[in-house]
Amino acid sequence: MNENKFIEDFATIFDDTEASELTMDTQFKNLEEWSSLAALGLLAVMEEEYDAELSSKDIEKSETIQDIYNIIKG
């Protein structure tokens, strides 16, 4: 799994935030576009792109994109 592709996939849940604005250290919950709908989108993208079962508890305990990446990477 490539970090750059992961960031690109992560960015697809947002309308106005581009992948180029994100890093693995981005605290995604602090983004203006973060919402419960974005969280649902993240669950869907991770399942579709990585065949990974991410839970709402995983999102809740994560702060950065790196945290989500580490969960998906296993």
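The sequence shown begins at 10 in the working numbering and counts up one residue at a time. Each residue gets a CB set at the ideal place from its N, CA and C atoms; glycine is no exception.
- Query: Helix or strand or just coil, what does DSSP make of L129?
  - Reply: For the chain, the structure presents residues 10 to 83; residue 129 sits outside this window and is missing.
- Query: How should L49 be labelled, buried or exposed, when 16 other C-beta atoms within 10 angstroms of its C-beta is the threshold for buried?
  - Reply: Counting from one through the sequence shown, the residue named residue 49 turns up at place 40. It is exposed - the Cβ of L49 has fewer than 16 other Cβ atoms within 10 Å.
- Beta carbon of I74, beta carbon of L63: below 9 angstroms? As a position in the sequence shown, residue 74 is number 65, starting the count at 1. As a position in the sequence shown, residue 63 is number 54, starting the count at 1. No.
- Neighbourhood of Q36 by C-beta, 6 angstroms cutoff - its chain only, sequence neighbours within 5 removed: Along the sequence shown, read from residue 1 onward, the residue named residue 36 stands at position 27. Taken in chain order, the residues that qualify are E72, T73.
- Task: Look up F15 in the DSSP assignment and say whether it is helix, strand or coil.
- Result: By 1-based counting over the sequence shown, the position of residue 15 is 6. Three-state result, F15: helix.
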